[in-house]
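J.: Sharing a structure with you now.
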Amino acid sequence: MGNILANIILVYLNPLNLVLQVTGMRVYTSGDVEAVNGTDVRLRCTFDSQVPINPHTLTISWSFKPLTKGREESVFYYHNKPYPPLEGMFRKRISWAGDVMGRDASIIIKEVKFTYNGTYTCQVKNPPDVHGALGEIRLLVVTTGKQSARPVNIHVKSLTYIISLLLFPYSVVRYICHFVVLSESTS
Numbered sequence: 001m002g003n004i005l006a007n008i009i010l011v012y013l014n015p016l017n018l019v020l021q022v023t024g025m026r027v028y029t030s031g032d033v034e035a036v037n038g039t040d041v042r043l044r045c046t047f048d049s050q051v052p053i054n055p056h057t058l059t060i061s062w063s064f065k066p067l068t069k070g071r072e073e074s075v076f077y078y079h080n081k082p083y084p085p086l087e088g089m090f091r092k093r094i095s096w097a098g099d100v101m102g103r104d105a106s107i108i109i110k111e112v113k114f115t116y117n118g119t120y121t122c123q124v125k126n127p128p129d130v131h132g133a134l135g136e137i138r139l140l141v142v143t144t145g146k147q148s149a150r151p152v153n154i155h156v157k158s159l160t161y162i163i164s165l166l167l168f169p170y171s172v173v174r175y176i177c178h179f180v181v182l183s184e185s186t187s
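So, in C-alpha cells, the structure goes:
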C-alpha cells in the first residue's frame, strides 16, 4: 500500500509532469487577409513549441471553411515534406512557403477566386507538444485592392515643389525691384 501511495505522489507531484501539462503549441497568424481576385496570396502561420522541433514527427495541417454554407475541406498537409491537395477546389493552387526549422508553416494560394472567401485554419503538432490553439485567417477576395494614399502624397509633394520653383524667381525679382524703387526714392 505504501508503494502505491508513493508512486501516486511521484506521478502527480513530479515537476516534469507539471511542466508537460502546461506546455502547449502556440500558433500565430495575421488574422484578416485581403487579396485581389486572380492574384497569389500568402497565408502566414508561425508557431512556437515548448519542445525542440523534430522535423520527422512535426505535422502541419491547413483546412478551409467557406463563408457560405459548406463543409470544412482539407487544404494542405505537411509531414517530412509538403502534401498539397490532389483533388478539390484547391488542387494545383496551394504551394508550401514555410520553413519547419524556422517555425514557419505558411502556404501560398495561387490565383485566388471569390469562392476562396472563408476561414483558413493552421494546426501544428510537434510531439509531445500537440495541444494548443489553432491559428485562423479570414480571407476576403476582392475585385480591386485598397487605394493607396502614397500616390496622392507623391503628387502633393511634387506640386508643392513645382510651385516653390515658380515662386522663388518671382520673389527674387520682386525683392530686387522693391530695393531699386527704395534706392531711387531716397536719392
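Heads up: the sequence shown runs through residues 1 to 187, numbered per the UniProt record's numbering. No residue lacks a Cβ here, since even glycine has one placed at the ideal position from N, Cα and C.
Does Asn54 pass the burial test, meaning 16 or more other C-beta atoms within 10 Å, or should it be called exposed?
T.: Burial call: exposed.
J.: Helix or strand or just coil, what does DSSP make of Phe76?
T.: Correct three-state label for Phe76: strand.
J.: Skipping 5 residues on each side, what residues in its chain have a beta carbon closer than 6 angstroms to that of Val141?
T.: Closer than 6 angstroms at the Cβ level, and outside the excluded window around Val141, lie Ala35, Asn37, Val112, Phe114, Tyr116, Asn117.
J.: Starting from Phe47, follow the beta strand (DSSP E) in both directions and report where the run begins and ends.
T.: Note, Phe47: beta strand (DSSP E), 45–48.
J.: Use the C-beta contact count for Gly102: other C-beta atoms within 10 angstroms, 16 or more gives buried, fewer gives exposed.
T.: Per the 10 Å Cβ criterion, exposed.
J.: If you run the structure through DSSP and keep just helix, strand and coil, what is Gly88?
T.: Three-state result, Gly88: coil.
J.: Near Asp32, what residues of its chain come up, given a Cβ to Cβ distance below 6 angstroms and the 5 sequence neighbours on each side ignored?
T.: Around Asp32: Arg138.
J.: Beta-carbon within less than 6 angstroms of Ile108's beta-carbon, same chain only, minus the 5 sequence neighbours each way: which residues are those?
T.: Taken in chain order, the residues that qualify are Asp40, Arg42, Ser95, Ala97.
J.: Do you know offhand how far Trp62's Cα is from His79's?
T.: Going from the Cα of Trp62 to the Cα of His79 covers about 12 angstroms.
J.: From Pro85, Thr144, Lys125, Ser74, pick the residue whose C-alpha is nearest to that of Gln50; which is it?
T.: Nearest option by C-alpha distance: Lys125.
J.: Using 7 angstroms as the threshold, is the C-beta distance between Gly24 and Gly132 below it?
T.: Yes, the Cβ-Cβ distance between Gly24 and Gly132 is below 7 angstroms.
J.: From this set, Lys81, Val75, Thr121, Arg71, which residue's C-alpha is nearest Thr57's C-alpha?
T.: Nearest of Lys81, Val75, Thr121, Arg71 to Thr57, Cα basis: Lys81.
J.: Quick one: is Thr29 buried, meaning 16 or more other Cβ sit within 10 Å of its Cβ, or exposed?
T.: So Thr29 counts as buried.
J.: Straight-line CA distance for Pro85 to Gly70?
T.: In a straight line, the C-alpha of Pro85 is about 18 angstroms away from that of Gly70.
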